[in-house]
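*Asks:*
Protein chains: 2
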Amino acid sequence: MALDPSFEVAFAPRSIAVLGASSKERGGGNGFIKSIKEMRYKGNMYPINPNVEEVLGYKCYPSLAAVPEVPDLVIMAVGAHRAEQALEECIARGVRNVHMFTAGFGETGEEEGEKLAERLRAIAERGKLNIVGPNCMGIYSPRGRISPWGRLPLEVGPIALISQSGALGGEFVRRAPTLGLRMSYAISYGNGYVLDSTDFLEYLENDPHTRFIGMYLEGVRDGRKLLELVRRISPKKPVVILKGGLTDAGARAAASHTGSLAGQDAIWSAFFAQSGAIRVDSLEEMVDVLQALVRLPAPTGSGVCLIGGAGGTSVAAADICARAGLEVPTISEDIQKELREFIGVAGTSIRNPMDISMQMSGPQDFIRALEILDRDPVIDITLMVLYVFPKRFGWGKGVLDLVPPLIKFANSSRKPFCVATKSFTDHVQTERDRLTLTRMFTKAGVPVFKTVERAAMALHRYAEYYRSLSDRLA
Amino acid sequence: MALDPSFEVAFAPRSIAVLGASSKERGGGNGFIKSIKEMRYKGNMYPINPNVEEVLGYKCYPSLAAVPEVPDLVIMAVGAHRAEQALEECIARGVRNVHMFTAGFGETGEEEGEKLAERLRAIAERGKLNIVGPNCMGIYSPRGRISPWGRLPLEVGPIALISQSGALGGEFVRRAPTLGLRMSYAISYGNGYVLDSTDFLEYLENDPHTRFIGMYLEGVRDGRKLLELVRRISPKKPVVILKGGLTDAGARAAASHTGSLAGQDAIWSAFFAQSGAIRVDSLEEMVDVLQALVRLPAPTGSGVCLIGGAGGTSVAAADICARAGLEVPTISEDIQKELREFIGVAGTSIRNPMDISMQMSGPQDFIRALEILDRDPVIDITLMVLYVFPKRFGWGKGVLDLVPPLIKFANSSRKPFCVATKSFTDHVQTERDRLTLTRMFTKAGVPVFKTVERAAMALHRYAEYYRSLSDRLA
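So the protein lines, in turn, are chains A and B. Residue numbering for the first sequence follows the working numbering, starting at 155 and increasing by one per position. Residue numbering for the second sequence follows the working numbering, starting at 155 and increasing by one per position.
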């Protein structure tokens, strides 16, 4: 079923009813009511429960029939055994859009669950219901001021997420803001019995707010449609896909989770090769790749200048980049010559990776080196590795002093410039310093990756996307 | 050159002279003096500089000749141009053990550096000097109360590290204590012109304090000797090796770093296959694998029971384990039946991965499930994934309540039991909670890995070590 135009209002509903509001503070659907309230939702909220007077300051109604208007969105948080009747009530009240949090269908693997699922589909078709779910968290939409994951940014941004998992969706919407990334929507759609990933994808194709799309998929009902859609959309709006359940163990988990038939690694490999989708292997990698895509211009190739020294860690960083599929080309002779005019020999290297931190007297010489390297034609991307030590080792301040000139350089650089942090210890203070650095850069629009490994993988995916794009256009 | 028995005292020197003490607080070799002082070193410390009266409370001497005894260890922190003369002074004073921090030799790639290196080797041979370095941080030895990396634990433990890189060595000695791991020594040996990795390895073979060995190598002078040694030692004391510079870019960095000829991926792959060494791809992975080896008994196989639910993250964890090379076998029918007696159907899975967290009413049922699973013969290792949310999401406490019963279970379990933490956000508070959890478990001897990815890789390496060991013994 394609997404009915009537679903549009679900992203910015003027009214919401919650079936299954509870007298217990955190019971039933109260989490959704609380979460939407924290988003400073401006529409009408109708908790529904015949035995409750008020929920979180909202007047509670005995039934959907008693609500004074037809809600633009119904959130259903009743037990699976009551789901059919509740859907009939929605139809009777003229409701079109339903988010079913309710779980306990095909994903249980029991016969009764699958039968319930079939009946649910039939009801939806008959009543023309747009159903998100069941077994999912629903919709985060900053422009609609709704969220199932508590208070999230109210600003609209260019990234949309379509996630079959509520937990991974929740992880994404919390990680993205730490990197200063903003979203148009996040849709957790669970079992996807009525509206599936392809329906949401089709909607996002023409959504003016969305420029980048992330997807977490376990199973897909119409694989051919997904392929066609991604092939068509990905040149305009990059589509980053995490496919869960590609291993046998993962497939078994996916069946238990959303009742999906996952697995079939070969089929999915072909899908990625043909569709132009960007493949990632974890949720964090998805955030990383989207950060690169959102923040950086298209690169001219995959040659990385790796900056940030300290001997063995420099060797490790080079190995990591090369293993991720990036090139770390030797700096051109004439550029090396220019650098040697002010960079001493002992404890440094200027061939790439650049081991120049020890020798530097201050930010000035460092930036001077960056400016010279920026002219080297073998370099397409600059990756600066910033080391984070706990303050008690006394090396924190020097790094902080570098940030403002680095940001200035990044904004004037001809090439994509980004930062990877590298913590040398597991301490709260180290993480605090790392996050301080992260905030300083991301606020200025400079991408920051948590580790060299993650930077390398994200840059590889990002460079590959543009390379394959130009191949397809050629 | 094999390690001369006279070198033994360098691990617990009764006296240390520092050539190149400075009038500036952090200049020259003062960092080493400060660091050793912080270790509450009980021997005699002799800073040397003719123009300085006192360094960090120690009387300063004009020359090595003026020091009142022959120091068991000389730390040399003078410029490369003064190194030869300084070594001659050591010989004249009867010194046998020298740690050369001094850099600027073969690693510069300049002809003059390589020539200096050759002369250095000749001087060492003539004067029977045991030289650690040059271009390195030297020795951490808790029983000797010496450290080049500031205050580190004074307790002696079973892990020794041999590292060609001072930065990676420093990272290791700081990460290990966070996991409650203790060390016998860490040796940062840099260019290894005189004493090479094989010399230290040979020493550790019979060292009574050392039961596990980690090595970071860039180049090795005598590859055949390394192969023979590791083959002989690894069945008694596991040897975990990180080989830096296996990619072209990494090899170039290694040449600049320690003047080593790295690269030759195929040769090193053969080395790992033949020697019984445990291969790791990063410093953190080395710490992880050693944690598993130190804390866990030998497993009966590589079948993992993956515990800790939440839908999509459960799918992801299963995929991660399977990709790392572990098995995630389906739980036996009769065990599943026992579990279903008290675990409901909706939102759970008991096939493996186990998605049972949502359904659990409290620690009691959870532990009961673990105890039943512990009897399943298809399971060799139990990996529990603990999710960490910032407290403001309100789910932190439930996790903490689980820790004491989990520790009790871990200590009575028949099978290796370990924990992986999984943070859902990048916040200081999340990291604080994660480290609190980590401390609680590691204090009780239960291994904790930072992420599911790292747990899976470490468990795979650890299980593989024991599997190949039993193959070799068969």
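Quick reminder that beta carbons are idealized off the backbone N, C-alpha and C, glycines included.
(1) Judging by CA-CA distance, which residue of A:S410, A:I432, A:A564 and A:I285 is the nearest neighbour of D353 of chain A?
(2) Would you kindly work out how many angstroms separate the C-alpha atoms of F543 of chain A and L400 of chain A, rounded to a whole number?
(3) Would you kindly report the start and end of the unbroken alpha helix (DSSP H) that includes T536 of chain B?
(4) Looking at the C-beta of K390 of chain A, does it have a partner C-beta in chain B at a distance below 9 Å?
(5) Within the continuous beta strand (DSSP E) that includes I341 of chain B, where are the two ends?
(6) Using a beta-carbon distance cut-off of less than 9 Å, what residues from the region 465-482 of chain B approach chain A?
(7) Rounding to the nearest angstrom, what Cα-Cα distance links T484 of chain A and R494 of chain A in this structure?
(8) Can you tell me whether D110 of chain B is helix, strand or coil according to DSSP?
(9) To the nearest whole angstrom, what separates the beta carbons of L173 of chain A and A240 of chain A, a pair I think is in contact under 8 Å?
(10) Tell me, please, whether the CB atom of V448 of chain B is closer than 9 Å to any CB atom in chain A?
(11) When you compare only the Cα positions, how much space is there between A610 of chain A and M538 of chain A?
(12) Please list the partners that L589 of chain A has in chain B, where partner means a Cβ-to-Cβ separation under 9 Å.
(13) Rounded to whole angstroms, what's the CA-CA distance from L437 of chain B to D419 of chain B? Just pull it up for me.
(14) Roughly how far, in whole angstroms, is the beta-carbon of G330 of chain B from the beta-carbon of V441 of chain B, given that I think they are within contact range, below 8 Å?
(15) With 16 other CB atoms within 10 Å as the buried threshold, where does K562 of chain A fall?
(16) Which residues share a DSSP beta bridge with Y215 of chain B?
(17) Could you round the C-beta distance between A407 of chain B and L358 of chain B to whole angstroms and report it? I think they count as a contact, below 8 Å.
(18) I'd like to confirm the pairing. Which residues does DSSP put opposite G292 of chain B in its beta bridges?
(19) Can a CB atom of chain A be found closer than 9 Å to the CB of G320 of chain B?
(20) Looking only at its own chain, which residues have a Cβ that is under 8 Å from the Cβ of L210 of chain B, when we skip the five neighbours before and after it?
(21) By Cβ distance, which residues of its chain are closer than 7 Å to P517 of chain A, with the 5 residues on each side in sequence left out?
(22) As a quick exercise: from A:L540, A:Y541 and A:I526, pick the residue whose alpha carbon is nearest that of S566 of chain A.
(23) Comparing alpha-carbon positions, which option in B:G373, B:D350, B:G304 and B:Q318 lies nearest R328 of chain B?
(24) Identify the continuous alpha helix (DSSP H) that holds A478 of chain A and give its terminal residues.
(25) Excluding the 5 residues preceding and the 5 following K397 of chain B in the sequence, name in chain order all residues of the same chain whose CB lies nearer than 7 Å to its CB.
(26) Might you give, ordered along the chain, the residues of its own chain that have their beta carbon closer than 7 Å to the beta carbon of I474 of chain B, omitting 5 neighbours on each side?
(27) Is it the case that the Cβ atoms of V310 of chain B and H363 of chain B are separated by a distance below 9 Å?
(28) Check for me: the alpha helix (DSSP H) holding K576 of chain A runs from which residue to which?
(29) Does the beta-carbon of N205 of chain A have 16 or more other beta-carbons within 10 angstroms, so that it is buried, or is it exposed?
(30) Report the rounded CA-to-CA distance for F366 of chain A versus F496 of chain A, giving the unit in angstroms.
(31) Let's test the definition: count the other Cβ atoms within 10 Å of the Cβ of K576 of chain A and tell me whether it reaches 16, buried, or not, exposed.
(32) Tell me the rounded alpha-carbon separation between D226 of chain B and A246 of chain B.
(33) Per DSSP, A314 of chain A forms a beta bridge with which residues?
(34) Looking only at its own chain, which residues have a Cβ that is under 7 Å from the Cβ of R299 of chain B, when we skip the five neighbours before and after it?
(35) Please list, in chain order, all residues of the same chain as L157 of chain B whose beta carbon is under 8 Å from its beta carbon, the five residues on each side excluded.
(36) Whose Cβ in chain A lies nearer than 7 Å to the Cβ of N398 of chain B?
*Replies:* Once the coordinates are examined:
(1) Within the first sequence, residue 353 of chain A is the residue found at index 199, counting from 1. Comparing Cα-Cα distances from D353 of chain A to each of A:S410, A:I432, A:A564 and A:I285, the minimum goes to A:I285.
(2) Within the first sequence, the letter at position 389 stands for residue 543 of chain A. Within the first sequence, the letter at position 246 stands for residue 400 of chain A. Taking the straight line from one Cα to the other gives about 38 Å.
(3) Within the second sequence, numbered from 1, the residue matching residue 536 of chain B stands at position 382. Here T536 of chain B belongs to no alpha helix (DSSP H); instead the beta strand (DSSP E) covers I535 to V542.
(4) As a first step, residue 390 of chain A must be located in the first sequence, where it is residue number 236. Look at K390 of chain A: its C-beta is not under 9 Å from any C-beta on chain B.
(5) Position 187 of the second sequence, counting from 1, holds the residue named residue 341 of chain B. Unbroken beta strand (DSSP E) run through I341 of chain B: M337 to S342.
(6) G465, G466, T467, S468, V469, A470, A471, A472, D473, I474, C475, A476, R477, L480, E481 and V482
(7) By 1-based counting over the first sequence, the position of residue 484 of chain A is 330. By 1-based counting over the first sequence, the position of residue 494 of chain A is 340. Distance between the alpha carbons of T484 of chain A and R494 of chain A: 15 Å.
(8) The structure shown does not extend to residue 110 of chain B, since chain B is modelled only from 155 to 628, so the question has no answer here.
(9) The residue given as residue 173 of chain A occupies position 19 in the first sequence. The residue given as residue 240 of chain A occupies position 86 in the first sequence. Between A240 of chain A and L173 of chain A the Cβ distance is about 5 Å, and since that is below 8 Å, they are a contact.
(10) Indexing the second sequence from 1 puts residue 448 of chain B at position 294. Answer no: the Cβ-Cβ gap between V448 of chain B and chain A never drops below 9 Å.
(11) Taking the first residue of the first sequence as 1, we reach residue 610 of chain A at position 456. Taking the first residue of the first sequence as 1, we reach residue 538 of chain A at position 384. For A610 of chain A and M538 of chain A, the distance between alpha carbons rounds to 11 Å.
(12) The count along the first sequence starts at 1 and reaches residue 589 of chain A at position 435. Within 9 Å Cβ-Cβ: D580, H581, V582 and E585.
(13) Translated into the one-based positions of the second sequence, residue 437 of chain B becomes position 283. Translated into the one-based positions of the second sequence, residue 419 of chain B becomes position 265. Whole-angstrom Cα-Cα distance: 18 Å.
(14) What you label residue 330 of chain B is simply residue 176 of the second sequence in a count that begins at 1. What you label residue 441 of chain B is simply residue 287 of the second sequence in a count that begins at 1. According to the sequence provided, residue 330 of chain B is Ala. The question's Gly does not apply to it. That pair is a contact at about 6 Å.
(15) Counting from 1 along the first sequence, the entry for residue 562 of chain A is found at position 408. K562 of chain A comes out exposed.
(16) Along the second sequence, read from residue 1 onward, the residue named residue 215 of chain B stands at position 61. In DSSP, Y215 of chain B forms a bridge with B:I202.
(17) Within the second sequence, the letter at position 253 stands for residue 407 of chain B. Within the second sequence, the letter at position 204 stands for residue 358 of chain B. With a Cβ gap of about 27 Å, A407 of chain B and L358 of chain B do not count as contacting.
(18) Taking the second sequence and counting its residues from 1, the one referred to as residue 292 of chain B is at position 138. BP columns for G292 of chain B point to B:S342.
(19) Sequence index remark: in the second sequence, residue 320 of chain B carries index 166 (1-based). At least one chain A Cβ lies under 9 Å of G320 of chain B.
(20) Here residue 210 of chain B is taken as the residue at index 56 of the second sequence, counted from 1. Closer than 8 Å at Cβ, skipping near neighbours: N184, I187, K188, K191 and P201.
(21) Numbered from 1 along the first sequence, position 363 holds the residue referred to as residue 517 of chain A. Here the set comprises D555, L556 and P559.
(22) Walking along the first sequence from the start, residue 566 of chain A turns up at place 412. When only C-alpha atoms are compared, the closest one is A:I526.
(23) Position 174 of the second sequence, counted from the start, is the residue given in the question as residue 328 of chain B. Out of B:G373, B:D350, B:G304 and B:Q318, B:G304 has the C-alpha closest to the C-alpha of R328 of chain B.
(24) As a working note, residue 478 of chain A is residue 324 in the first sequence. Residues G465 to A478.
(25) Within the second sequence, the letter at position 243 stands for residue 397 of chain B. Contacts found: L371 and W422.
(26) Within the second sequence, numbered from 1, the residue matching residue 474 of chain B stands at position 320. So the qualifying residues of the chain are V606, E607 and A610.
(27) To locate residue 310 of chain B, count along the second sequence from 1; it is residue 156. To locate residue 363 of chain B, count along the second sequence from 1; it is residue 209. Taking 9 Å as the Cβ cut-off, V310 of chain B and H363 of chain B qualify as a contacting pair.
(28) On the first sequence, position 422 is the one that residue 576 of chain A refers to. Looking at the DSSP string, K576 of chain A is not in any alpha helix (DSSP H); the run it does join, the beta strand (DSSP E), is F571 to S577.
(29) Translated into positions along the first sequence, residue 205 of chain A becomes position 51. The residue in question, N205 of chain A, is exposed, as its Cβ has fewer than 16 Cβ neighbours within 10 Å.
(30) Counting from 1 along the first sequence, the entry for residue 366 of chain A is found at position 212. Counting from 1 along the first sequence, the entry for residue 496 of chain A is found at position 342. For F366 of chain A and F496 of chain A, the gap between their C-alpha atoms comes out near 43 Å.
(31) Your numbering for residue 576 of chain A matches position 422 in the first sequence. It counts as buried.
(32) Along the second sequence, read from residue 1 onward, the residue named residue 226 of chain B stands at position 72. Along the second sequence, read from residue 1 onward, the residue named residue 246 of chain B stands at position 92. When rounded, the distance between both Cα atoms is 14 Å.
(33) What you label residue 314 of chain A is simply residue 160 of the first sequence in a count that begins at 1. According to DSSP, which records beta bridges pairwise, A314 of chain A is partnered with A:Y339 and A:I367.
(34) For this step, residue 299 of chain B is matched to residue 145 along the second sequence. The residues are M193, R194, Y195, K196 and L308.
(35) Here residue 157 of chain B corresponds to residue number 3 of the second sequence, with the count starting at 1. Within the same chain, L157 of chain B has close Cβ partners N284, L349, D353, F354, E356 and Y357.
(36) Within the second sequence, the letter at position 244 stands for residue 398 of chain B. Note that residue 398 of chain B is Gly in the sequence shown, not Asn. Near G398 of chain B (Cβ distances below 7 Å), the residues of chain A are G466, V469, A470 and D473.
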